[in-house]
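Visitor:
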Amino acid sequence: MEWGLAVAAALAVVAVMFVARPFLREPAPASDQLDELAPEERQRLALTEERDRALDALKELEFDHRTGKVSDDDYRTQVGPLRRRAAEALRTLEAGEHTPHER
Amino acid sequence: MAPLGRAALLLAFGLIVYALLAGSYAAWRKRRRLAHSAQNALLAAFPATLAASAILLIALARHDFTFAYVAQHTSHNLPLPYTLSAFWGGQEGSLLLWLVILTGYAALAVWLNRRQRELMAWTVPVFGLIAVFFAFMLCFVSSPFHQQPAPADGAGMVPSLQNPYMLAHPPMLYLGYVGLAVPFAFAMGALLSGRTDERWIVATRRWTLAAWTFLGVGQLLGAHWAYTEIGWGGYYAWDPVENAALMPWLAATAFLHSVMIQEKRGMLKVWNMVLVALAFNLSLFGTFLTRSGIINSVHSFSQSPIGAWFMGFLIFMVVFSVALIYLRLPLLRTKTRLESLVSREATFLYNNLLLVALALTILWGVLYPVLSEAVRGQTRSVSKPYYDFFLHTFGIPLLLLMGIGPLVAWRKASLRSLGKTFLIPFAVCLVTGGVLLGLGFDSSWAGLLSYTFSAFVVASIVLEFVRGRAAAGGVFRLVSRNRRRYGGYLVHAAIVLLAIGIAGSSAYQTIRENGHLRPGQSMEIAGYTATYRQPTATSPNPIGVKGPDYTGFRSQLTVTGHGESFNVDPGVNVYDAGIGPANEASIYHDPRTLGDFFATAQLVNAKTGTIDLKLYVKPLINLIWAGGFLFVFGALVAMWPDAVEQRRLAARYATGAAPAGI
Amino acid sequence: MIALSVAAALAIFVVYTALAGNGVAQLTPSTIATAKGNVLLVGKVVGPVEHVGDTLRFAVKDIGDKKPARVSVDYAGSVPSLFRTGRDISVAGVMRHGRFAATKDSLITKCPDHYAPPASSKT
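Protein chains in written order, with the working numbering: chain D, 1071 to 1173; chain W, -13 to 648; chain H, 8 to 130.
Structure (structure tokens):
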């Protein structure tokens, strides 16, 4: 069936053009480098995750304490270290932010 | 038309190969435009595959018997919905369904994460790696577009498949099976790119939850179909094909839990990689089992030609996963250790171990015939007692853990606070156990423990809601602010319903058989009396029935007992097309026990009307189906997008957009 | 700790298989002649299929191969929907006096489609 062949050919052309699009749009780009996280950015990411973990843990501890799952004693024992961890994570992050780095 | 379908598949194949090869090179050499191009190729593969699928659907709808596939699986008088469902009725079509869902998911995942260039660089080729197998099979080994001179009529569809459940069950299962490819692709992509952060988890959390939900619902639909349509008296037979879906579901359940530990504590990175690979490879294995004939299941006694191909691909993916995890092991090691054996992390860990142990014992049972053949030269198989033993040994403690987990704090729980939080649920548990023991439920220790532990879990969940509500100021606010946690509790409640339903209908069911009844005679079961009514001048018994393509009989019985009275009419349909007789079980849903009264009958003597009657009383079985609905609801709550969380994640991965789940 | 639990799970498993035996042998008509004890007979139904009172009598041959072996089966119990001549089946029982005495209600037939419904067609 000729029309079938024609449709198939048209589809193929469209597909090839879509696949080639990045090259057609930028035939001579300034940089073809795939963005990659620099080591210090990876560090920052790890620290951000650490900070979020610490903050989350604090929030959950508060919630569990309010709902009575964690006793007052347990709360007192755990909240100190958690707060310190969160503070430390925040401090390290801010320190990193003040260091200029290349993207 | 068929050549166009073939062309569309070839186009898809070409695009996928490009996505795989160009994508790998681009990720390796860090070429931005090539990576973008590979991403586009993966995106384009979906419309190409969709076009091929549309062609097959149109051919089915038009009863175009020049398509060999259409002729093999449908016939002129087959109603439209079932004709269309024949799309996945055969091997070629089900491969196409796999591919179209895979490319669809991949396209969506890629599109949602298109700005996360680095995350996607290696994920795209992994998707390509998975898809290339199916595309290759469809193009060169098992094509749905074979043509032939059109016969007068097609072969038709087996009557038991012409059932609304069969319209939903396979697509649901496939949406689940294939869905597990998404977290796998992101995980392997993360390993390949040498990343150690949680982005892949954040990006795939909702995908995993959705796939897991589809897989669960698909299994429940299948079980319900088996129960009502096939009518052998049960809903799960531990058949390899049933186990094929259960195993990845168990692994995915373990993964869903342990991923929470990685998010909260940064631990178990290696274990999570292993679990996601296990879940995906088990889902591939499940697809392979259903199609290959390697296991002597009731569904596949003979070897299918694609079996060897599938096995090769499965082995390749397993080796690929293991090798990649092993090579990246140093990156995944963390310093964080388990602080206490009595903590929520520990409970999750026990839960994981039990789930994986159960999945592996089922796997062993499924593979046993193949292994024993290879090792001893004699095929041996295991059966229900084997599976029941391990279901009890691992499943019942799991039930208990579902109640313990929510009550234990993260990191470390002191025994004193445990004592306080556990007090009420434990008391409920004891009282329930005592009452049940007194009522004689110790006929089955498995059933008794299941009920007792279920009470414990329900109590702990209710307490969580009560305590939380007080703290948050209203249940809606509570759930809305803690969707994952409280959605999870709802899912746990659904599993409890399932457990109670399963326990009731298996441990405490009553069966009466060998009942050869003449009209007028009756049979007793569990306090009911079923009477085979005498025929009268105006109404015969058994009564003959006739349908478009079958004749048969129904025996009318009146059942009385426990203050109730109802009718059942079990019988048999004999189909003209020579397919054979089909058991038509009669089920009465008993509101008193939330269970079923289940009857089947075979005609022994047509002249005297004597039937061979088999009766079951299955308490609480309808809780299984009810649990299914709660399961979906709970999963939806847990999955529901949270604007606050999205904003925070966007800020964290501040390259412009958050890694997006659905 | 993980290692301990794995060991525990394995221990349970080993104990079970030691106590419960090693599963049931699956045999074909050509291999069943000398079998002892409870086995699973797997094969294709050949006619004639007769009803003698409560008992269903039929013969079974090897699936696929053109082996001449035939086993006569005496079966009582519910007959699954898809049972007929030419169907592949499996049934549990013992060989007794050269005939296969089947266990009641153990007859399972294969679903004829490539596509496999999720449950067996047994009653």
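Every residue, glycine too, gets a C-beta built ideally from N, C-alpha and C. These numbers come from a predicted model, not from an experiment.
Assess, as a yes-or-no matter, whether the stretch 174 to 182 of chain W is touched by the stretch 104 to 118 of chain W under the definition of 3 or more beta carbon pairs within less than 8 Å.
Guide: Contact between the stretch 104 to 118 of chain W and the stretch 174 to 182 of chain W is present, because at least three Cβ pairs lie under 8 Å.
Visitor: Pairing CB atoms from the stretch 483 to 495 of chain W with CB atoms from the stretch 605 to 617 of chain W, are three or more of them under 8 Å?
Guide: Flag = yes, the stretch 483 to 495 of chain W and the stretch 605 to 617 of chain W touch.
Visitor: In chain W, which residues lie with their C-beta within 9 Å of the C-beta of Tyr82 of chain H?
Guide: None at all; the shortest Cβ gap to chain W is about 13 Å.
Visitor: Does the Cβ-Cβ distance between Pro145 of chain W and Ala568 of chain W come in under 8 Å?
Guide: Yes; because the gap between Cβ atoms is below 8 Å, this pair is in contact.
Visitor: Roughly how many whole angstroms lie between the Cα atoms of Arg26 of chain W and Thr190 of chain W?
Guide: In the sequence as presented, Arg is not what sits at residue 26 of chain W; that position holds Asn. Near 20 Å, if we compare the C-alpha coordinates of Thr190 of chain W and Asn26 of chain W.
Visitor: Suppose the cutoff is 6 Å on Cβ atoms and the five residues either side in sequence are ignored; what does the same chain contact list for Val328 of chain W look like?
Guide: Cβ within range, chain order: Ala399.
Visitor: Inspect the CB distances between the stretch 434 to 450 of chain W and the stretch 404 to 424 of chain W and report whether three or more fall short of 8 Å.
Guide: The stretch 434 to 450 of chain W is in contact with the stretch 404 to 424 of chain W.
Visitor: Give the C-beta separation of Leu47 of chain H and Val67 of chain H to the nearest angstrom, bearing in mind that I take them to be a contact with Cβ-Cβ under 8 Å.
Guide: Actually they are not in contact, since the Cβ atoms of Leu47 of chain H and Val67 of chain H sit about 12 Å apart, beyond 8 Å.
Visitor: Could you work out which residue in W:Asp555, W:Asp535 and W:Tyr536 is closest to Arg519 of chain W when comparing CA atoms only?
Guide: With distances taken between Cα atoms, Arg519 of chain W lies closest to W:Asp555.
Visitor: As a quick exercise: from W:Tyr55, W:Ser71, W:Ala117 and W:Pro65, pick the residue whose alpha carbon is nearest that of Ala(-12) of chain W.
Guide: Out of W:Tyr55, W:Ser71, W:Ala117 and W:Pro65, W:Tyr55 has the C-alpha closest to the C-alpha of Ala(-12) of chain W.
Visitor: Are the CB atoms of Ala512 of chain W and Thr496 of chain W within a distance shorter than 8 Å?
Guide: Contact flag set, yes.
Visitor: What is the rounded straight-line gap between the Cα of Phe533 of chain W and the Cα of Leu42 of chain W?
Guide: The sequence shown places Gly at residue 533 of chain W, rather than the Phe named in the question. Whole-angstrom Cα-Cα distance: 30 Å.
Visitor: Tell me which residues of the stretch 1098 to 1120 of chain D have at least one Cβ-Cβ distance to chain W shorter than 8 Å, keeping chain order.
Guide: Flagged, chain order: Pro1099, Ser1101, Asp1102, Gln1103, Leu1104, Asp1105, Glu1106, Leu1107, Arg1112, Leu1115, Ala1116, Thr1118, Glu1119 and Glu1120.
Visitor: Does Asp1134 of chain D come out as helix, strand or coil in the three-state DSSP assignment?
Guide: Asp1134 of chain D falls in the helix class under three-state DSSP.
Visitor: Residues in the same chain with beta-carbon distance under 6 Å from Arg366 of chain W, minus the five sequence neighbours each way, listed in chain order, please.
Guide: Hits under 6 Å: Ser358.
Visitor: What is the DSSP secondary structure of Met650 of chain W, counted as helix, strand or coil?
Guide: Residue 650 of chain W lies beyond the range of chain W shown here (-13 to 648); nothing can be said about it.
Visitor: Just checking my contact of Arg330 of chain W with Trp257 of chain W at CB under 8 Å: how many whole Å lie between their CB atoms?
Guide: About 16 Å separates the two Cβ atoms, so there is no contact after all.
Visitor: What does DSSP give as the partner residue(s) for His58 of chain H in the beta ladder?
Guide: DSSP lists H:Leu63 as partners of His58 of chain H.
Visitor: Applying the criterion that 16 or more other CB atoms from any shown protein chain within 10 Å of the CB defines a buried residue, is Asp562 of chain W buried or exposed?
Guide: Flag for Asp562 of chain W reads exposed.
Visitor: On the three-state DSSP scale, how would you describe Tyr48 of chain W?
Guide: Per the sequence shown, residue 48 of chain W should be read as Arg rather than Tyr. Reduced to three states, the DSSP call for Arg48 of chain W is coil.
Visitor: Tell me the rounded alpha-carbon separation between Ala223 of chain W and Thr214 of chain W.
Guide: Roughly 14 Å between the two C-alpha positions.
Visitor: Can you give me the start and stop residues for the alpha helix (DSSP H) that Glu550 of chain W sits inside?
Guide: Not the alpha helix (DSSP H): Glu550 of chain W falls in the beta strand (DSSP E), residues Glu550 to Val554.
Visitor: Just to confirm the assignment, what range does the beta strand (DSSP E) spanning Asp582 of chain W have?
Guide: Run containing Asp582 of chain W: Gly581 to Asn591, per the beta strand (DSSP E) assignment.
Visitor: Of the residues that make up the stretch 356 to 368 of chain W, which ones have a beta carbon closer than 8 Å to any beta carbon in chain H?
Guide: Listed in sequence order: Ser358, Gln364, Thr365, Arg366, Ser367 and Val368.
Visitor: Any heavy atom of the ligand FAD closer than 7 Å to the beta-carbon of Leu393 of chain W?
Guide: Absent from the structure shown: the ligand FAD. Ligands present: none.
Visitor: What do you get for Ala18 of chain H, buried or exposed, if any count of 16 or more other CB atoms within 10 angstroms of its CB means buried?
Guide: Answer is exposed; the Cβ neighbour count stays below 16.
Visitor: Under 8 Å: do the stretch 446 to 457 of chain W and the stretch 1126 to 1137 of chain D share three or more Cβ pairs, one atom per stretch?
Guide: Yes, the stretch 446 to 457 of chain W is in contact with the stretch 1126 to 1137 of chain D.
Visitor: Does the beta carbon of Lys600 of chain W come closer than 8 Å to any beta carbon on chain H?
Guide: Yes, contact with chain H.
Visitor: Tell me whether the beta-carbon of Leu321 of chain W lies closer than 8 Å to the beta-carbon of Arg1123 of chain D.
Guide: The question names Leu, yet the displayed sequence has Lys at residue 321 of chain W. Result no, Cβ atoms of Lys321 of chain W and Arg1123 of chain D do not sit closer than 8 Å.
Visitor: Does the stretch 81 to 100 of chain H come within contact of the stretch 48 to 65 of chain H, defined as at least 3 CB pairs closer than 8 Å?
Guide: They touch, by the three-pair rule.
Visitor: How far does the beta strand (DSSP E) with Phe539 of chain W in it extend, from its first residue to its last?
Guide: Segment Tyr536 to Arg540, the beta strand (DSSP E) holding Phe539 of chain W.
Visitor: In chain order, what residues of the same chain lie with their CB nearer than 7 Å to the CB of Thr35 of chain H, ignoring the 5 residues before and after it?
Guide: Closer than 7 Å at the Cβ level, and outside the excluded window around Thr35 of chain H, lie Val49, Gly50 and Asp69.
Visitor: For the stretch 1126 to 1144 of chain D, enumerate the residues whose C-beta is nearer than 8 Å to any C-beta of chain W, in chain order.
Guide: Under the 8 Å Cβ criterion, the stretch 1126 to 1144 of chain D contributes Asp1126, Ala1127, Glu1130, Leu1131, Phe1133, Asp1134, Arg1136, Thr1137, Gly1138, Lys1139, Val1140, Ser1141, Asp1143 and Asp1144.
Visitor: Between Ala309 of chain W and Val342 of chain W, what straight-line distance do the alpha-carbon atoms span, to the nearest angstrom?
Guide: Those two C-alpha atoms are separated by around 21 Å.
Visitor: To the nearest angstrom, report how far apart Tyr11 of chain W and Gln1103 of chain D are at their CA atoms.
Guide: Computed Cα separation, rounded: 13 Å.
Visitor: Tell me whether His502 of chain W sits in a helix, a strand or coil according to DSSP, three-state version.
Guide: Note: His502 of chain W maps to strand in three-state DSSP.
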